[in-house]
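**Student:** Encoded as structure tokens, here's the structure I'll be asking about.
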Amino acid sequence: MDLQCRWQQSLPATIIHATGSAALSNENFDAPIFIEDGPYIDLLPGVYPYLYNERGHCRQLRQAFGTEISIAEDNPDLELGTKYKGISHQPKTIPNDGHPYQITEFNFKVAEVHYEAITATRDSVQAFGMTLLKSGECLRFEYEGMIMAQYTYGKWAGHQSPYIGGRRRRELLTHNPTDLEFHDFPHIFFSQDDLPLVISVARWRPYVQEICLADLWVAPGDAIVLPPKTRPVPPDGQLSDKQARDIIIDLHGNRNSALACWGSDKAALTTTTVLGNALTMQTRAPNYHEEQHPSKHPYPGSRLAG
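No gaps in the numbering here: position 216 of the sequence shown is 583 in the numbering used here, and each next residue is one more.
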């Protein structure tokens, strides 16, 4: 018996046409939301040198309002998340349909990469080189060439890869690969929906071949601030174990922003991001990092997400 006949025999008679073919009311899945761009405005630090967090919404201010905070200091001794040792990395050229560029390809030496779910607190975000900005707080933010933009992230956004060519940029992958970056301009991620915003992060210690991975769950109304990051200058001469460990590169990625949607009926969530404008993105381009093995992203409390 051929496959068509076996398939038809398994269907209720009410949906079999007289012609012998099956009539399905809808032959396609609902189109998943990946990432949708929203409106944006330029930041004007010369006029408004302060940014204020008003319940997850960014406000530009001429002077400090609420509780003023400062960017947390880097502390290389801090370490949180799932640790992988003995990792390797190498440069990889992305063809990009005739406009090639280079990224760093990681190999964590595991078949499946696990991220630890961590609630975003002042201490936990500092372990990845970041600062928590709570509602009612402000900070001095005088970086030029920045915009404030609204984005909508679907819960499937992490199942997209930008490194497989322009024609496949919107392909829904069967797994969630690691996609992390750093860059010489700041970010602020505002959690403003009714579910937490999730930012995937890493602290990489390239000279001891270690990396720690986590998902920071940012409570509605909070925001996290990332200062500019640059690649450390290669050391000259022999390093002590302590010196080698203290050389860190903090990475982040926001494709998993809507992870919390997996535990609800929501398909997507909205957020505001402060990031570089087009010129800043060109002149201080991000450094991209990929690890192709499937990844697991648990909820706080150990229930696995996609």
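Glycine residues also receive a C-beta, built at the ideal position from the N, C-alpha and C atoms.
Pick helix, strand or coil for His-664, following the three-state DSSP scheme.
**Tutor:** Position 297 of the sequence shown holds residue 664. For His-664, the secondary structure class from DSSP, reduced to helix, strand or coil, is strand.
**Student:** For Gly-630, is the classification buried or exposed, using 16 other Cβ atoms within 10 angstroms of its Cβ as the cut-off for buried?
**Tutor:** Taking the sequence shown and counting its residues from 1, the one referred to as residue 630 is at position 263. It is exposed - the Cβ of Gly-630 has fewer than 16 other Cβ atoms within 10 Å.
**Student:** Check whether the region 652-671 and the region 473-487 are in contact - that is, three or more C-beta pairs closer than 8 Å.
**Tutor:** yes
**Student:** Between which two residues does the beta strand (DSSP E) carrying Val-600 extend?
**Tutor:** Sequence index remark: in the sequence shown, residue 600 carries index 233 (1-based). Neither: Val-600 is in no beta strand (DSSP E) and is coded neither H nor E.
**Student:** Using the Cα positions of Ser-437 and Arg-489, report the straight-line distance between them to the nearest angstrom.
**Tutor:** Counting from one through the sequence shown, the residue named residue 437 turns up at place 70. Counting from one through the sequence shown, the residue named residue 489 turns up at place 122. C-alpha separation (whole angstroms): 12 Å.
**Student:** Taking the Cβ atom as the reference point for each residue, do Tyr-419 and Gly-405 lie within a distance shorter than 8 Å?
**Tutor:** Along the sequence shown, one-based indexing puts residue 419 at 52. Along the sequence shown, one-based indexing puts residue 405 at 38. Their beta carbons are not under 8 Å apart, which means Tyr-419 does not touch Gly-405 by this criterion.
**Student:** Tell me whether the beta-carbon of Pro-599 lies closer than 8 Å to the beta-carbon of Ile-616.
**Tutor:** Residue numbering aside, residue 599 sits at position 232 when the sequence shown is read from its first letter. Residue numbering aside, residue 616 sits at position 249 when the sequence shown is read from its first letter. For Pro-599 and Ile-616, yes; Cβs fall inside 8 Å.
**Student:** Straight-line CA distance for Asp-561 to Gly-413?
**Tutor:** Counting from 1 along the sequence shown, the entry for residue 561 is found at position 194. Counting from 1 along the sequence shown, the entry for residue 413 is found at position 46. Distance between the alpha carbons of Asp-561 and Gly-413 is about 33 Å.
**Student:** Compute the Euclidean distance between the alpha carbons of Asn-621 and His-542, then round it to the nearest angstrom.
**Tutor:** The residue given as residue 621 occupies position 254 in the sequence shown. The residue given as residue 542 occupies position 175 in the sequence shown. Those two C-alpha atoms are separated by around 16 Å.
**Student:** Starting from the C-beta of Tyr-644, find all residues in its chain whose C-beta is less than 8 Å away, skip the five residues before and the five after it, and write them out in chain order.
**Tutor:** As a position in the sequence shown, residue 644 is number 277, starting the count at 1. Here the sequence assigns Asn to residue 644, which means Tyr is not the residue at that position. Cβ within range, chain order: Asp-409, Gly-512, Met-513, Ile-514.
**Student:** Residues bridged to Asp-409 by DSSP?
**Tutor:** Taking the first residue of the sequence shown as position 1, residue 409 is located at position 42. Asp-409 pairs with Ile-514.
**Student:** By how many angstroms is the C-alpha of Thr-597 removed from the C-alpha of Gly-604?
**Tutor:** Stepping through the sequence shown from its first residue, residue 604 is reached at position 237. Stepping through the sequence shown from its first residue, residue 597 is reached at position 230. Distance between the alpha carbons of Gly-604 and Thr-597 is about 21 Å.
**Student:** What is the residue span of the beta strand (DSSP E) that Val-477 lies within?
**Tutor:** What you label residue 477 is simply residue 110 of the sequence shown in a count that begins at 1. Per DSSP, Val-477 lies in no beta strand (DSSP E) and is assigned neither H nor E.
**Student:** Would you kindly check if the distance between the Cβ of Lys-522 and the Cβ of Ala-634 is under 8 Å?
**Tutor:** Along the sequence shown, read from residue 1 onward, the residue named residue 634 stands at position 267. Along the sequence shown, read from residue 1 onward, the residue named residue 522 stands at position 155. Going by C-beta atoms, Ala-634 is nearer than 8 Å to Lys-522.
**Student:** Do the region 496-513 and the region 446-453 meet, that is, are 3 or more Cβ pairs less than 8 Å apart?
**Tutor:** Inter-segment contact for the region 496-513 and the region 446-453 is absent: fewer than three beta-carbon pairs are separated by less than 8 Å.
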